[in-house]
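Numbering (our numbering), first residue to last: 88 to 363.
Backbone N, C-alpha and C fix where the C-beta goes; we use that ideal spot for every residue, glycine too.
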């Protein structure tokens, strides 16, 4: 299978795609794990595996996302099922979860993940904060069904709701979200892979804040005094929302991702405000 692997790598390289994806494609074609595949590379491919590998490669060369071909991604140590049309969890969002886990939350916090998609954020937080009461909202039926399936597979209890934004929930200690935040103009230059994801989970108006700003306004009612709002946004617009919230009395910080880009907004509702 070494010859086949090298041939796949060569085609990917010619197309400007990562050569490392060849191992994933070959593992999928053979039905082997990456670890087992590496051990069996000196052997000939199983019957039909070479044909399957080339068929998978052609789909990938059409810029169909690798994650959809594999049907699963790892997010914060959790294996999550993914499907075409539902936003693929990304490494930047793992950073959002990591930040959430550093917050001074009460022992049994009430947490809401808005626009949960695959359920990635909600499920990761429930895994690491087992005493938390975790809610998740989503407007897309397909994504909601997928999130519930992921929760069942992982044995984690998250309260999923089909609802926009906060879904009317109140008394929250943490509201966390990776909302759509790309400006509409980005569609023209976006990687071809994004065509297969739900555009409503990616694009949010001229400045990319068409969802994040209404969500921040709802957070004023949904969070307890002293509660936290934690958002993943674009480097181009996170500062704008931060400034708007500061003007409304919030304590706000903009934090960077691993690439050094302004990415996360961490805001705390003024403790002195009365609820309601």
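(1) Using C-beta distances below 7 Å, list every residue in its chain close to residue 239, excluding the 5 sequence neighbours before and after it, in chain order.
(2) Kindly list the residues whose CB is nearer than 6 Å to the CB of residue 106, restricted to its own chain and excluding five residues on each side of it in sequence; keep chain order.
(3) For residue 342, tell me which candidate among 314, 309, 313, 329 has the shortest Cα-Cα distance.
(4) Identify every residue that forms a DSSP beta bridge with residue 198.
(5) Residues in the same chain with beta-carbon distance under 7 Å from residue 130, minus the five sequence neighbours each way, listed in chain order, please.
(6) In three-state terms, what does DSSP make of residue 155?
(7) For my contact list, residue 253 and residue 221 are in at a C-beta cut-off of 8 Å; report their separation, rounded to the angstrom.
(8) Can you check whether the C-beta of residue 252 is within less than 8 Å of a C-beta belonging to chain B?
(9) Could you tell me the distance, in whole angstroms, from the CA atom of residue 170 to the CA atom of residue 321?
(10) Kindly identify the DSSP beta-bridge partner or partners of residue 349.
(11) Where does residue 123 land, buried or exposed, given buried means 16+ other C-beta within 10 angstroms?
(12) Would you kindly work out how many angstroms separate the C-alpha atoms of residue 279 and residue 227, rounded to a whole number?
According to the data block:
(1) none
(2) 96, 99, 100
(3) 329
(4) 221, 261
(5) Excluding sequence neighbours, residue 130 sits near 88.
(6) For residue 155, the three-state secondary structure derived from DSSP is helix.
(7) Actually they do not touch by this definition, with Cβ atoms about 14 Å apart.
(8) Absence of chain B from the displayed structure is noted, only one protein chain being present.
(9) 24 Å
(10) In the DSSP output, where bridge partners are listed per residue, residue 349 has 343.
(11) exposed
(12) 22 Å
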